Each structure stands twice: as structure tokens, then as C-alpha cells.
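Worksheet for the structure shown next.
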Amino acid sequence: MLAFGSGAAALIYELVWFQILELVIGSTAVSVGVLLASFMGGMCAGSILFPRVVPPSIHPLRFYALIEVGIGAFACLVLWIAPMVGSGAAAAACLLLPTLLMGATLPALARQSDEDSLGWLYAANIAGAVLGCLLAGFYLLRVYDVTAATYVGLGINVALASGALLTAPLRSRLRSEPRALASGQAAPAAVYFVIALSGFCALAAEAVWTRLLGLLFGASVYAFSIILAVFLTGLGIGSGIGTVLCRIVESPRTALGWCQWLAAGAIAWTAYNLAGSLPYWPINPAIPTDIRSHFALDLARGFWAMLPATILWGASFPLALAAAGSKEKDSGRLMAGIYAANTFGAIMGALAVSLLLVGWVGSERAQQLLIVLSILAGLFLLRSVRWLAVAAGALLFCVPPVPGLLIAYGRYAATWMGKSEILYAREGFDSSVAVARFPNGALTFHVAGKIQASNVPRDMRLQRMLGHLTTLAAPNPRSVLVIGCGAGITAGAVSLDPKVERETIVEIERLVPQAAAAYFSEPNFNVLHNPRV
Numbered sequence: 009m010l011a012f013g014s015g016a017a018a019l020i021y022e023l024v025w026f027q028i029l030e031l032v033i034g035s036t037a038v039s040v041g042v043l044l045a046s047f048m049g050g051m052c053a054g055s056i057l058f059p060r061v062v063p064p065s066i067h068p069l070r071f072y073a074l075i076e077v078g079i080g081a082f083a084c085l086v087l088w089i090a091p092m093v094g095s096g097a098a099a100a101a102c103l104l105l106p107t108l109l110m111g112a113t114l115p116a117l118a119r120q121s122d123e124d125s126l127g128w129l130y131a132a133n134i135a136g137a138v139l140g141c142l143l144a145g146f147y148l149l150r151v152y153d154v155t156a157a158t159y160v161g162l163g164i165n166v167a168l169a170s171g172a173l174l175t176a177p178l179r180s181r182l183r184s185e186p187r188a189l190a191s192g193q194a195a196p197a198a199v200y201f202v203i204a205l206s207g208f209c210a211l212a213a214e215a216v217w218t219r220l221l222g223l224l225f226g227a228s229v230y231a232f233s234i235i236l237a238v239f240l241t242g243l244g245i246g247s248g249i250g251t252v253l254c255r256i257v258e259s260p261r262t263a264l265g266w267c268q269w270l271a272a273g274a275i276a277w278t279a280y281n282l283a284g285s286l287p288y289w290p291i292n293p294a295i296p297t298d299i300r301s302h303f304a305l306d307l308a309r310g311f312w313a314m315l316p317a318t319i320l321w322g323a324s325f326p327l328a329l330a331a332a333g334s335k336e337k338d339s340g341r342l343m344a345g346i347y348a349a350n351t352f353g354a355i356m357g358a359l360a361v362s363l364l365l366v367g368w369v370g371s372e373r374a375q376q377l378l379i380v381l382s383i384l385a386g387l388f389l390l391r392s393v394r395w396l397a398v399a400a401g402a403l404l405f406c407v408p409p410v411p412g413l414l415i416a417y418g419r420y421a422a423t424w425m426g427k428s429e430i431l432y433a434r435e436g437f438d439s440s441v442a443v444a445r446f447p448n449g450a451l452t453f454h455v456a457g458k459i460q461a462s463n464v465p466r467d468m469r470l471q472r473m474l475g476h477l478t479t480l481a482a483p484n485p486r487s488v489l490v491i492g493c494g495a496g497i498t499a500g501a502v503s504l505d506p507k508v509e510r511e512t513i514v515e516i517e518r519l520v521p522q523a524a525a526a527y528f529s530e531p532n533f534n535v536l537h538n539p540r541v
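In short: position in the sequence shown from 1, add 8, done, that's our numbering.
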């Protein structure tokens, strides 16, 4: 129950901090990357430091109570301080202390448990995380705000601390005897490497799938909460299954290796569904009027696509614990080592995809890379069956490219099939951009699955009026700032005024001005090549 409560409070805080960071540094891939790096980096460091700083002589439940109080106190400080800082680095630094303490919770509880129960601690922690994610995303942040959500998390921390202090005198320390490595167990270094690769693939895939499902579900905190809840549910189910398998299988090492190979197939399954199947389901999202019907549909599609892979990644954690074994009495050190390796890999995966891979090579190639890494992780433990790795390579051809229809129309892709020709569709670092042409010659400009501009007369009147009003309202409009490039039509209207000496356009996604210059140069008066711009 303590592990369950810790997971619930942690995910409430994660969603709260995601909201705050969006206000501080913007709603971009950078804000997601900063959040994941600081949140998971702090937890990784906390799990590494705990067994080195806290001696086994301290009662783990009493120390756990101190940790929970510290998490709540620092979370309140983040709520008050983070909105006032001026940079992403400073905002991330605010998250360091509470996340350090979060990373120490599972190793502390592991000292109160025997090795056979460590997997259940991880499963309970993830189950609590699912509850916290849904509670924050669909109730606390919808009905109230980040302040109320933070205080609910604080209340959970206080309750957990009180429960741990009340329970501590009733429970004596569990001291596991040293256990030698069985014949079926891998050397700890091999297990640490494989579980780190598993974490890399899991969070990298989550980052890719969040982008694709953000197009399919719509970019909102509700969509983010649904994706996160599905992902965590799969991890929780998988960790429970993995804990049971640890007591059944003779060789946890072999089971861990097979999990990685099966995960390669599961990544291909998800990739095919997200790009080759779900966008074409004959569903019109505009028909249901009840928002709960929308959420139920999105939840079902999320489970259908992502559950197999997340179950396998969840099962990998307890199998890694069993495969590594323990030569020490301190089960907290074993939990800390595996948890830190898995989390470090997850940080690298999330940052690699969010900040590099998707913008450089696209979602298709990024997912193919993850399939290769999963195959290599399995091969690292199962070298005797290398022929399977060659066969698994065929999975690379199961990953389809992201359809231009999905990039252009997002959630409503199925309802626009055959109505327009997609002239341009690319994934950028922060958003996906598309241009479509209709049979009557009309051009539409799309960002993140929505039509943002067009050369249709009614849209042209609005877009140009915004630019003309800007310069007509000022007595001497020598310098004009246009926030958001879009198709460049508003900026083009601004550039016509002879009084304007300088025009500055700011845009988050670099693909936007490239597409606007290529396809909308006539309606925007070639503004992006204007020497005054």
C-alpha cells in the first residue's frame, strides 16, 4: 500500500509539473524533454544514492516516512517557485530535490521486503501511478487547478508518512540471507545492460507514440493522461506477470531475453496500428456528443495498440531483479541498482526521441531503431539462438511510414479520405506540418493535425484583415512583430504597408516557414523572401 500511494502521488506531481513547465518554457518537445530528464533523472540519482548514503541500520519504514514528508514539502516549493523562474534549466533544477527523494522510496521499501516480493513492490507502485495519472488528468486539473492537485499530493504524502510511522514498531526488519547466483542467472553487469536497453526502448517508444497518438486523439492534457495511463497499466500488468514468472521459470535470464525479443515484435505491432490501421478506422469522432464517449474510444484504441509492448517491458523489471540475484543482505541495494539502470536507459530514450530522432529521421525510422535495439538486447542474453535474431529482422518491414492523411487531419483523418491530395507532409522537432490540395484548387495548411490556414476567399479575408488592422491602427508602424508564421498570409499583408521598415516573424517549428514559402508564396506575397522580413 505504501508503494501504491507513492506511485499515485508521484504521477499527480508529474502532471502538475508538466502544466507548470508548459507555462514557463512553452508547450513543445523541449518542455516534455526537460520534464522527463529532470523527473526521471532525479529519481535515478535518488535510487543510486539511497543505499550509499542511508545505512541499513536505520529502520526503512521510519526513513520512508521522512522521505514522503520531504517530497510533499519540496513539491509545494516547486508550485510556488517554478512559475517565477525564467529558464528551462532553472525550472528543471526546482524538480531535483523532490525527484531525488521519489527515487529513494522503492529502495527504502525494498529493505523491508525479501527478494521474492520486490517485483510486487514495483507492480504496486505502477498501479498507484495509473490512479494518480487519471485522478490528476481527468479530475484535479480539470475541475480545480495545479494548486489543488499539489495539495492533494501533499495529503497523500502525509498519509503515507503517518502509515509508515504507525507500522514501523509492528514490523521488524527483514534481513535476507545472501543468495548465490544460480546456474540460470546472468552476471549482474549483463542484466544491468539489458534492463537499461529495455528502459531506453520503453520511454523512446512512449515519446514516439505520444506524438502519433497526439495527432489521433488531439493534443490535450486528457490525451496525454490517457496515453500515460495505458502505458503504466501495461507496465503494472507486466510486472505482476513477471513476478509470478520469477517463481516458475528455472532461468530468469532466459525469460528476460525472450521478453526483449517479444518486445521487438510488439513494437512492430504498435507501429503498424498507429500508422497503418487506426487512422483508417471508419469512425467519425464528431458523432458522439458526450465527452466520455470520446475518452472511452481513445482509451480502447490506446490499449489495442500499446498494451502488448508495455506488458513485456513491465515483466522485464522483476525478471531482471531475479536474474541479477543478490550477494548482499541489502535488498534495497539490489532494487536501487536495477531501478537506476532501467531509469537511466529511459532518460536516454526519452531525450533521444524527443529532441533528436523524430526530427532527424522521422517516427518510422525511430521505431525501426527500437526494434533493432530490442533484438540486440535479447541476443545479449540468448546468444545460443542467434538465428531468431535474423528472423526478427523482418519486423523492420512491418513499420509503415506515418501517413500524410494523419499528419494533415489528425483525429478526423478517416472522414477526409479521398477528398484531397496531400502535397507535403513532414514531422518536425516540435510539430508535424502538411499541405493539402482539393480538386477545386484550394490549398490548406495543416499543423499538428489541424487546418491552420488556406487560400479560400473567406479565410483570406480574415487572415489579411489581421495584418492590415495591425498597421492601420498604429500612427507610424515602422517595426511589426508577427507571432506564428502559419501560411504567412497575415505576415504578407503586413509587408504591403510602405511605412513598415522591419517585420519580424517568430515560429516554433522550422518546417512551417519552409512549407509556407514553397506552397503559399503567391497568397502571402512571397513575404518570407522579403528583404524587410
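A virtual CB, placed ideally from N, CA and C, is assigned to each residue, including glycine. These numbers come from a predicted model, not from an experiment.
Continuous beta strand (DSSP E) stretch holding residue i: start and end
i           : result
residue 512 : 510-514
residue 455 : 451-455
residue 301 : First-last for residue 301: 299-332, but that is the alpha helix (DSSP H), not the beta strand (DSSP E).
residue 487 : 487-491
residue 429 : 429-435
residue 462 : 458-462
8 Å Cβ cutoff met for residue i and residue j
i           : j           : result
residue 51  : residue 140 : no
residue 328 : residue 59  : no
residue 486 : residue 509 : yes
residue 284 : residue 408 : yes
residue 439 : residue 416 : no
residue 511 : residue 503 : yes
residue 161 : residue 107 : no
residue 349 : residue 253 : no
residue 86  : residue 103 : yes
residue 355 : residue 44  : yes
residue 419 : residue 224 : yes
residue 441 : residue 517 : yes
residue 296 : residue 421 : no
residue 521 : residue 493 : yes
residue 4   : residue 374 : Only positions 9 to 541 of the chain appear in the structure, and residue 4 is not among them; the question remains open.
Where the alpha helix (DSSP H) containing residue i begins and where it ends
i           : result
residue 5   : There is no way to answer for residue 5, as the model of the chain reaches only from 9 to 541.
residue 567 : Coverage of the chain is limited to positions 9 through 541, which leaves residue 567 absent and any answer about it impossible.
residue 76  : 68-89
residue 471 : 465-480
residue 268 : 260-280
residue 362 : That residue, residue 362, is in no alpha helix (DSSP H); it is neither H nor E in DSSP.
residue 209 : 196-225
residue 132 : 126-143
residue 502 : 497-503
residue 423 : Careful: residue 423 lies outside any alpha helix (DSSP H) and carries neither H nor E.
residue 410 : That residue, residue 410, is in no alpha helix (DSSP H); it is neither H nor E in DSSP.
residue 154 : 154-175
Among the options, nearest to residue i - alpha-carbon criterion
i           : options            : result
residue 117 : 168, 103, 521, 265 : 168
residue 199 : 165, 261, 255      : 261
residue 299 : 231, 325, 346      : 231
residue 341 : 533, 277, 120      : 120
residue 222 : 210, 538, 236, 209 : 236
residue 507 : 483, 492, 530, 152 : 483
residue 391 : 22, 429, 264, 242  : 264
residue 320 : 403, 330, 532, 209 : 209
residue 528 : 474, 452, 518      : 452
residue 426 : 435, 436, 412      : 412
residue 62  : 113, 82, 18, 27    : 113
residue 475 : 490, 372, 26       : 490
residue 27  : 154, 207, 445      : 154
residue 24  : 128, 152, 424, 134 : 152
Integer Cβ distance of residue i from residue j, believed to fall under 8 Å
i           : j           : result
residue 266 : residue 382 : So it is not a contact: roughly 11 Å between Cβ atoms.
residue 537 : residue 525 : 7 Å
residue 307 : residue 238 : 7 Å
residue 203 : residue 325 : 7 Å
residue 316 : residue 277 : 6 Å
residue 248 : residue 10  : Actually they are not in contact, since the Cβ atoms of residue 248 and residue 10 sit about 17 Å apart, beyond 8 Å.
residue 240 : residue 138 : 5 Å
residue 213 : residue 378 : 6 Å
Near the ligand SAH: residue i beta-carbon under 7 Å from a heavy atom
i           : result
residue 296 : In the structure shown, the ligand SAH is absent, as is every other ligand, since no ligand is present at all.
Exercise. Are three or more beta carbon pairs between the region 490-507 and the region 456-475 nearer than 8 Å?
Worked result: yes
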